[in-house]
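FYI, in this note's numbering the residues of the sequence shown are 94 to 164. Positions of the beta carbon are idealized from the N, C-alpha and C atoms, including for glycine. These numbers come from a predicted model, not from an experiment. Below is one structure, written out as structure tokens; the observations come after it.
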Amino acid sequence: MVNRAVESMRMTGTQCQAARLRLGWSTRMLASKAGVPWYAVINFDYGTGDVDPGVIAALTRTFRQAGIELR
């Protein structure tokens with residue numbers, strides 16, 4: 094099992110926003126698919142607040158399930 098903190102360090106807010114837009118997803122859609130609060134996606138996308146590493150890990154997994162690999 095991958096450590097959530099290590100997994101979450103792989104994605105930046107800019108990468109999150111780019112992946113979300115590439116999939117054609119709104120922030121609300123991504124939040125729903127990842128099972129995280131909508132405001133957490135907004136904060137991470139735009140770098141406007143602290144985001145829990147567990148949220149970032151959930152977003153990363155959601156993108157992977159959709160076929161997006163972040164590097």
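- Ranked by how close their Cα comes to the Cα of T105, the residues Q158, A159, G160 and V134 have V134 in first place.
- Under a 10 Å Cβ-count criterion, T107 is classified as exposed, with fewer than 16 other Cβ atoms of the shown protein chains found around its own Cβ.
- Counting other Cβ atoms within 10 Å of its Cβ, D143 stays below 16 and is therefore classed as exposed.
- Under the three-state reduction of DSSP output, T107 falls in the helix class.
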